[in-house]
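Engineer: Before we start, here is the structure in question, set down as C-alpha coordinates.
Right under this line is the structure:
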(Lines of atoms letter the chains of each structure in order from A; the text may use other names.)
(Lines give C-alpha, C1' and ligand atoms only; values in the text may rest on other atoms or scores of the structure.)
Protein backbone atom coordinates (compact mmCIF):
# COMPACT_ATOMS: atom_id res chain seq x y z
CA UNK A 32 0.00 0.00 0.00
CA UNK A 33 1.38 3.41 -1.01
CA UNK A 34 1.70 6.06 1.67
CA UNK A 35 -0.04 9.28 0.71
CA UNK A 36 2.11 12.38 0.20
CA UNK A 37 0.36 15.73 0.53
CA UNK A 38 1.60 18.45 -1.83
CA UNK A 39 -0.02 21.85 -2.23
CA UNK A 40 -1.59 21.77 -5.72
CA UNK A 41 -0.23 25.18 -6.82
CA UNK A 42 3.41 24.05 -6.47
CA UNK A 43 4.88 23.41 -9.95
CA UNK A 44 6.10 19.91 -10.76
CA UNK A 45 9.60 21.24 -11.48
CA UNK A 46 9.75 22.79 -7.99
CA UNK A 47 8.59 19.57 -6.37
CA UNK A 48 11.43 17.81 -8.14
CA UNK A 49 13.93 20.38 -6.84
CA UNK A 50 12.72 19.90 -3.26
CA UNK A 51 13.00 16.12 -3.53
CA UNK A 52 16.46 16.36 -5.09
CA UNK A 53 17.70 18.73 -2.38
CA UNK A 54 16.45 16.59 0.49
CA UNK A 55 17.78 13.38 -1.08
CA UNK A 56 21.30 14.83 -1.26
CA UNK A 57 21.48 15.81 2.43
CA UNK A 58 23.03 13.06 4.62
CA UNK A 59 20.98 14.25 7.60
CA UNK A 60 17.84 13.03 5.82
CA UNK A 61 19.16 9.63 4.74
CA UNK A 62 16.34 7.06 4.82
CA UNK A 63 13.82 9.80 5.65
CA UNK A 64 10.59 10.35 3.72
CA UNK A 65 8.85 13.54 2.67
CA UNK A 66 5.25 13.57 3.87
CA UNK A 67 3.98 17.09 3.11
CA UNK A 68 5.10 20.08 0.99
CA UNK A 69 3.41 23.45 1.50
CA UNK A 70 4.16 26.97 0.33
CA UNK A 71 5.48 29.43 2.93
CA UNK A 72 4.42 33.09 2.55
CA UNK A 73 6.72 36.00 1.74
CA UNK A 74 9.96 36.17 -0.16
CA UNK A 75 10.64 37.98 -3.44
CA UNK A 76 14.16 36.66 -3.96
CA UNK A 77 13.66 32.97 -3.20
CA UNK A 78 10.86 30.41 -2.90
CA UNK A 79 10.15 28.90 0.50
CA UNK A 80 8.34 25.75 1.56
CA UNK A 81 7.21 24.03 4.73
CA UNK A 82 8.27 20.42 4.29
CA UNK A 83 7.30 17.65 6.69
CA UNK A 84 9.94 14.91 6.67
CA UNK A 85 8.92 11.85 8.66
CA UNK A 86 7.10 13.64 11.48
CA UNK A 87 9.28 16.77 11.73
CA UNK A 88 8.67 20.05 9.90
CA UNK A 89 11.37 22.09 8.18
CA UNK A 90 11.57 25.37 6.28
CA UNK A 91 13.17 24.74 2.90
CA UNK A 92 14.50 27.63 0.84
CA UNK A 93 15.23 27.30 -2.86
CA UNK A 94 17.49 30.19 -3.77
CA UNK A 95 16.41 32.48 -6.60
CA UNK A 96 18.15 32.30 -9.97
CA UNK A 97 21.04 34.74 -10.36
CA UNK A 98 21.27 35.64 -6.67
CA UNK A 99 24.91 34.55 -6.54
CA UNK A 100 25.70 37.66 -8.61
CA UNK A 101 24.94 39.99 -5.72
CA UNK A 102 24.60 37.90 -2.53
CA UNK A 103 27.45 36.60 -0.39
CA UNK A 104 26.17 33.12 0.42
CA UNK A 105 29.17 31.95 2.52
CA UNK A 106 28.76 35.06 4.66
CA UNK A 107 25.04 34.37 5.06
CA UNK A 108 25.83 30.86 6.27
CA UNK A 109 28.10 32.26 8.99
CA UNK A 110 25.84 35.16 9.94
CA UNK A 111 22.68 33.07 10.13
CA UNK A 112 24.46 30.58 12.38
CA UNK A 113 25.50 33.40 14.72
CA UNK A 114 21.86 34.47 15.00
CA UNK A 115 20.68 30.89 15.44
CA UNK A 116 23.18 30.46 18.30
CA UNK A 117 21.70 33.57 19.94
CA UNK A 118 18.19 32.09 19.62
CA UNK A 119 17.10 34.90 17.31
CA UNK A 120 16.84 32.84 14.12
CA UNK A 121 15.76 29.26 13.43
CA UNK A 122 18.27 26.39 13.88
CA UNK A 123 20.04 25.57 10.61
CA UNK A 124 20.02 21.94 9.47
CA UNK A 125 21.69 22.38 6.08
CA UNK A 126 23.14 25.24 4.06
CA UNK A 127 24.67 25.05 0.59
CA UNK A 128 26.89 28.09 0.23
CA UNK A 129 27.39 27.42 -3.48
CA UNK A 130 23.67 27.84 -4.24
CA UNK A 131 22.04 29.47 -1.22
CA UNK A 132 19.63 26.55 -0.77
CA UNK A 133 18.87 26.10 2.91
CA UNK A 134 16.96 23.87 5.32
CA UNK A 135 16.07 25.14 8.79
CA UNK A 136 14.03 23.69 11.60
CA UNK A 137 10.51 25.02 11.22
CA UNK A 138 9.22 27.00 14.21
CA UNK A 139 6.11 24.99 15.05
CA UNK A 140 2.85 26.61 16.07
CA UNK A 141 4.17 30.04 15.22
CA UNK A 142 2.48 33.09 13.81
CA UNK A 143 4.02 34.72 10.74
CA UNK A 144 3.52 38.44 11.20
CA UNK A 145 1.89 40.81 8.72
CA UNK A 146 1.75 44.58 8.36
CA UNK A 147 -1.46 44.80 10.40
CA UNK A 148 0.18 43.03 13.34
CA UNK A 149 2.78 45.75 13.75
CA UNK A 150 0.30 48.54 13.04
CA UNK A 151 -2.44 47.28 15.33
CA UNK A 152 -0.51 45.67 18.20
CA UNK A 153 1.92 48.03 19.90
CA UNK A 154 3.46 45.13 21.77
CA UNK A 155 5.01 43.77 18.57
CA UNK A 156 6.90 47.03 18.03
CA UNK A 157 8.28 46.74 21.56
CA UNK A 158 9.26 43.12 20.95
CA UNK A 159 10.97 43.96 17.65
CA UNK A 160 12.86 46.83 19.31
CA UNK A 161 14.15 44.41 21.96
CA UNK A 162 15.24 41.84 19.37
CA UNK A 163 17.04 44.54 17.37
CA UNK A 164 18.75 45.85 20.49
CA UNK A 165 19.70 42.31 21.52
CA UNK A 166 21.70 41.47 18.42
CA UNK A 167 22.90 45.02 17.66
CA UNK A 168 24.55 45.00 21.10
CA UNK A 169 25.67 41.35 21.06
CA UNK A 170 29.34 42.24 20.35
CA UNK A 171 29.45 39.54 17.66
CA UNK A 172 30.98 40.23 14.26
CA UNK A 173 29.44 39.28 10.95
CA UNK A 174 32.01 38.32 8.30
CA UNK A 175 30.38 40.60 5.75
CA UNK A 176 29.49 44.26 5.50
CA UNK A 177 26.20 45.61 4.21
CA UNK A 178 26.85 49.16 3.11
CA UNK A 179 23.70 50.50 1.41
CA UNK A 180 25.72 53.01 -0.58
CA UNK A 181 28.03 50.30 -1.93
CA UNK A 182 25.08 47.99 -2.57
CA UNK A 183 23.33 50.71 -4.56
CA UNK A 184 26.45 51.28 -6.63
CA UNK A 185 26.74 47.55 -7.28
CA UNK A 186 23.15 47.43 -8.54
CA UNK A 187 23.64 50.54 -10.66
CA UNK A 188 26.75 49.00 -12.24
CA UNK A 189 24.97 45.71 -12.93
CA UNK A 190 22.10 47.60 -14.57
CA UNK A 191 24.60 49.59 -16.63
CA UNK A 192 26.37 46.40 -17.71
CA UNK A 193 23.01 45.03 -18.84
CA UNK A 194 22.11 48.38 -20.50
CA UNK A 195 18.85 48.47 -18.56
CA UNK A 196 16.60 51.48 -17.91
CA UNK A 197 15.72 52.93 -14.50
CA UNK A 198 12.96 55.26 -13.30
CA UNK A 199 12.65 58.84 -14.51
CA UNK A 200 14.11 61.30 -12.01
CA UNK A 201 16.99 59.06 -10.97
CA UNK A 202 19.51 61.91 -11.45
CA UNK A 203 18.16 63.83 -8.45
CA UNK A 204 18.15 60.66 -6.36
CA UNK A 205 21.78 60.06 -7.29
CA UNK A 206 22.66 63.59 -6.14
CA UNK A 207 21.14 62.93 -2.70
CA UNK A 208 22.89 59.58 -2.49
CA UNK A 209 26.19 61.39 -3.05
CA UNK A 210 25.32 63.94 -0.34
CA UNK A 211 24.77 61.07 2.09
CA UNK A 212 28.03 59.46 0.98
CA UNK A 213 29.85 62.71 1.83
CA UNK A 214 28.03 62.92 5.17
CA UNK A 215 29.02 59.36 6.10
CA UNK A 216 32.62 59.99 5.02
CA UNK A 217 32.84 62.93 7.42
CA UNK A 218 30.64 61.41 10.14
CA UNK A 219 30.71 57.60 9.86
CA UNK A 220 27.67 55.98 11.49
CA UNK A 221 28.21 53.14 14.00
CA UNK A 222 28.13 49.58 12.71
CA UNK A 223 26.76 46.38 14.23
CA UNK A 224 25.36 43.06 13.01
CA UNK A 225 22.24 43.93 11.01
CA UNK A 226 19.53 41.97 9.22
CA UNK A 227 18.95 44.70 6.61
CA UNK A 228 15.72 43.20 5.24
CA UNK A 229 13.36 42.74 8.23
CA UNK A 230 10.12 42.25 6.31
CA UNK A 231 7.06 41.74 8.48
CA UNK A 232 6.88 38.17 7.17
CA UNK A 233 10.40 37.49 8.48
CA UNK A 234 9.15 37.79 12.07
CA UNK A 235 7.74 34.72 13.80
CA UNK A 236 5.96 34.55 17.16
CA UNK A 237 5.48 31.19 18.87
CA UNK A 238 4.40 32.81 22.18
CA UNK A 239 7.70 31.73 23.74
CA UNK A 240 10.22 33.53 21.56
CA UNK A 241 10.16 36.22 18.88
CA UNK A 242 12.25 35.20 15.87
CA UNK A 243 13.75 37.10 12.95
CA UNK A 244 14.58 34.77 10.06
CA UNK A 245 16.15 34.92 6.57
CA UNK A 246 19.59 36.50 6.97
CA UNK A 247 20.72 36.51 3.33
CA UNK A 248 21.28 40.29 3.35
CA UNK A 249 22.85 40.25 6.82
CA UNK A 250 26.02 42.24 7.38
CA UNK A 251 27.68 44.91 9.50
CA UNK A 252 25.74 48.13 9.01
CA UNK A 253 24.26 51.17 10.75
CA UNK A 254 21.70 49.72 13.23
CA UNK A 255 19.23 52.44 12.25
CA UNK A 256 18.97 50.83 8.83
CA UNK A 257 17.16 47.87 10.43
CA UNK A 258 14.75 50.20 12.22
CA UNK A 259 14.14 52.28 9.12
CA UNK A 260 13.50 49.16 7.05
CA UNK A 261 10.90 47.82 9.48
CA UNK A 262 9.26 51.24 9.77
CA UNK A 263 8.79 51.16 5.98
CA UNK A 264 7.71 47.53 5.74
CA UNK A 265 5.18 47.84 8.58
CA UNK A 266 3.88 51.15 7.17
CA UNK A 267 4.27 52.86 10.55
CA UNK A 268 2.78 56.28 11.16
CA UNK A 269 5.02 59.10 12.42
CA UNK A 270 3.65 58.52 15.93
CA UNK A 271 4.37 54.80 15.73
CA UNK A 272 7.90 55.46 14.48
CA UNK A 273 8.60 57.67 17.47
CA UNK A 274 7.24 55.03 19.84
CA UNK A 275 9.36 52.37 18.11
CA UNK A 276 12.53 54.47 18.40
CA UNK A 277 11.81 55.25 22.05
CA UNK A 278 11.42 51.54 22.76
CA UNK A 279 14.74 50.90 21.04
CA UNK A 280 16.75 53.72 22.68
CA UNK A 281 14.88 53.65 25.99
CA UNK A 282 14.94 57.44 26.33
CA UNK A 283 13.85 60.69 24.74
CA UNK A 284 14.86 61.04 21.13
CA UNK A 285 17.30 63.52 19.64
CA UNK A 286 16.95 65.27 16.28
CA UNK A 287 20.03 63.35 15.14
CA UNK A 288 18.40 60.00 15.90
CA UNK A 289 15.18 61.00 14.15
CA UNK A 290 17.21 62.28 11.21
CA UNK A 291 19.21 59.07 11.04
CA UNK A 292 15.96 57.12 10.72
CA UNK A 293 14.91 59.34 7.78
CA UNK A 294 18.29 58.91 6.04
CA UNK A 295 18.13 55.15 6.43
CA UNK A 296 14.53 54.99 5.23
CA UNK A 297 15.63 56.88 2.11
CA UNK A 298 18.59 54.56 1.54
CA UNK A 299 16.42 51.51 2.12
CA UNK A 300 13.83 52.50 -0.48
CA UNK A 301 16.46 53.65 -2.98
CA UNK A 302 18.35 50.39 -2.56
CA UNK A 303 15.33 48.14 -3.14
CA UNK A 304 14.14 50.27 -6.05
CA UNK A 305 17.42 49.53 -7.85
CA UNK A 306 17.23 45.90 -6.71
CA UNK A 307 13.73 45.51 -8.16
CA UNK A 308 14.76 46.77 -11.59
CA UNK A 309 17.80 44.49 -11.47
CA UNK A 310 15.47 41.52 -10.98
CA UNK A 311 13.74 42.43 -14.25
CA UNK A 312 17.10 42.79 -15.98
CA UNK A 313 17.89 39.26 -14.81
CA UNK A 314 14.75 37.88 -16.41
CA UNK A 315 12.07 38.09 -13.72
CA UNK A 316 8.57 39.43 -14.29
CA UNK A 317 8.37 43.13 -15.14
CA UNK A 318 4.73 43.06 -14.09
CA UNK A 319 5.73 42.02 -10.56
CA UNK A 320 8.93 43.98 -10.00
CA UNK A 321 8.54 47.28 -11.88
CA UNK A 322 5.57 48.53 -9.76
CA UNK A 323 7.24 47.29 -6.57
CA UNK A 324 10.40 49.24 -7.39
CA UNK A 325 8.46 52.31 -8.52
CA UNK A 326 6.63 52.42 -5.20
CA UNK A 327 9.99 52.31 -3.43
CA UNK A 328 11.40 54.98 -5.72
CA UNK A 329 8.44 57.31 -5.25
CA UNK A 330 8.53 56.96 -1.46
CA UNK A 331 12.25 57.80 -1.37
CA UNK A 332 11.70 60.68 -3.76
CA UNK A 333 8.95 62.07 -1.47
CA UNK A 334 11.54 62.52 1.30
CA UNK A 335 13.53 64.69 -1.10
CA UNK A 336 10.50 66.64 -2.27
CA UNK A 337 9.13 67.46 1.21
CA UNK A 338 12.52 68.50 2.59
CA UNK A 339 12.69 65.74 5.22
CA UNK A 340 15.91 64.29 3.84
CA UNK A 341 17.71 67.64 3.75
CA UNK A 342 16.74 68.33 7.36
CA UNK A 343 17.88 64.86 8.37
CA UNK A 344 21.26 65.30 6.69
CA UNK A 345 21.72 68.67 8.41
CA UNK A 346 20.89 67.16 11.83
CA UNK A 347 23.61 64.55 11.34
CA UNK A 348 26.40 66.86 10.12
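Residue numbers (this note's numbering): 32 to 348.
Every residue gets a Cβ at the ideal spot worked out from N, C-alpha and C, and that includes glycine.
These numbers come from a predicted model, not from an experiment.
(1) Where does residue 204 sit, in a helix, a strand or coil, going by DSSP?
(2) In the DSSP output, what is residue 133 paired with across the bridge?
(3) In terms of residues, what are the limits of the beta strand (DSSP E) holding residue 299?
(4) On the three-pair Cβ rule with 8 Å, is the segment 128-135 touching the segment 89-102?
(5) Quick check: what's the CA-CA separation for residue 252 versus residue 290?
(6) Counting only the same chain and skipping the five closest in sequence on each side, list residues whose C-beta sits under 8 Å from that of residue 146.
(7) Are the beta-carbon atoms of residue 309 and residue 180 separated by less than 8 Å?
(8) Between the Cα of residue 218 and those of 112, 348, 338, spot the shortest distance and give me the residue it belongs to.
(9) Is it right to say residue 193 is buried, meaning 16 or more other beta carbons lie within 10 angstroms of its own, or is it exposed?
(10) Determine contact between the segment 221-238 and the segment 268-280, defined as no fewer than three beta-carbon pairs at a distance below 8 Å.
(11) Can you list, in chain order, the residues of its chain with a C-beta nearer than 6 Å to that of residue 197? Leave out the 5 residues immediately preceding and following it.
(12) Quick one: residues in its chain with C-beta nearer than 6 Å to the C-beta of residue 106, no 5 flanking neighbours on either side, listed in chain order?
(13) Going by other Cβ atoms of all chains shown within 10 Å of its Cβ, with 16 needed for buried, is residue 70 buried or exposed?
(14) In angstroms with no decimal places, state the Cα-to-Cα distance between residue 222 and residue 343.
(15) DSSP on residue 250, reduced to helix/strand/coil?
(16) Going by DSSP in three states, residue 26 sits in which element: helix, strand or coil?
(17) Do you know offhand how far residue 116's Cα is from residue 201's?
(18) Buried or exposed: residue 37, going by 16 or more other Cβ atoms within 10 Å of its Cβ?
(19) Span of the beta strand (DSSP E) holding residue 70?
(20) Does the beta-carbon distance from residue 204 to residue 332 come in below 8 Å?
(21) So if DSSP puts residue 224 in a beta bridge, which residue, or which two residues, is it bridged to?
(22) Assess, as a yes-or-no matter, whether the segment 318-326 is touched by the segment 281-297 under the definition of 3 or more beta carbon pairs within less than 8 Å.
(23) Taking all protein chains shown into account, do 16 or more other C-beta atoms lie within 10 angstroms of the C-beta of residue 161, making it buried, or fewer, making it exposed?
(24) Alpha carbon to alpha carbon, how far is residue 324 from residue 298?
(25) According to DSSP, which residues form a beta bridge with residue 241?
(26) Does the separation of the CB atoms of residue 135 and residue 166 fall below 8 Å?
(27) If residue 293 sits next to residue 258, beta carbons under 8 Å apart, how far is it from one beta carbon to the other, in whole angstroms?
(28) Quick one: which unbroken beta strand (DSSP E) runs of 3-plus residues sit fully inside the segment 133-185? Chain order, please.
(29) Counting C-beta neighbours from all protein chains within 10 Å, is the total for residue 245 16 or more, i.e. buried, or is it exposed?
(30) Using only the alpha-carbon positions, how far apart do residue 59 and residue 108 sit?
(31) Should residue 177 go down as buried or exposed, given a rule of 16 or more other Cβ atoms within 10 Å for buried?
(32) Give a yes or no on whether the C-beta atoms belonging to residue 183 and residue 305 are separated by under 8 Å.
(33) Find the nearest neighbour of residue 236 within the set 137, 111, 79, 56, judged by alpha-carbon distance.
Structural biologist: In terms of the structure at hand:
(1) helix
(2) 92, 126
(3) Where residue 299 is concerned, there is no enclosing beta strand (DSSP E), although the alpha helix (DSSP H) it sits in stretches over 286-312.
(4) yes
(5) 17 Å
(6) 231, 264, 265, 266
(7) no
(8) 348
(9) exposed
(10) no
(11) 308
(12) 174, 175
(13) exposed
(14) 19 Å
(15) strand
(16) Summary: the structure shown does not reach residue 26, with the chain confined to residues 32 through 348, and so no result is reported for it.
(17) 41 Å
(18) exposed
(19) 65-70
(20) yes
(21) 251
(22) no
(23) exposed
(24) 13 Å
(25) 236
(26) no
(27) Not a contact, Cβ separation roughly 11 Å.
(28) 133-136
(29) buried
(30) 17 Å
(31) buried
(32) yes
(33) 137
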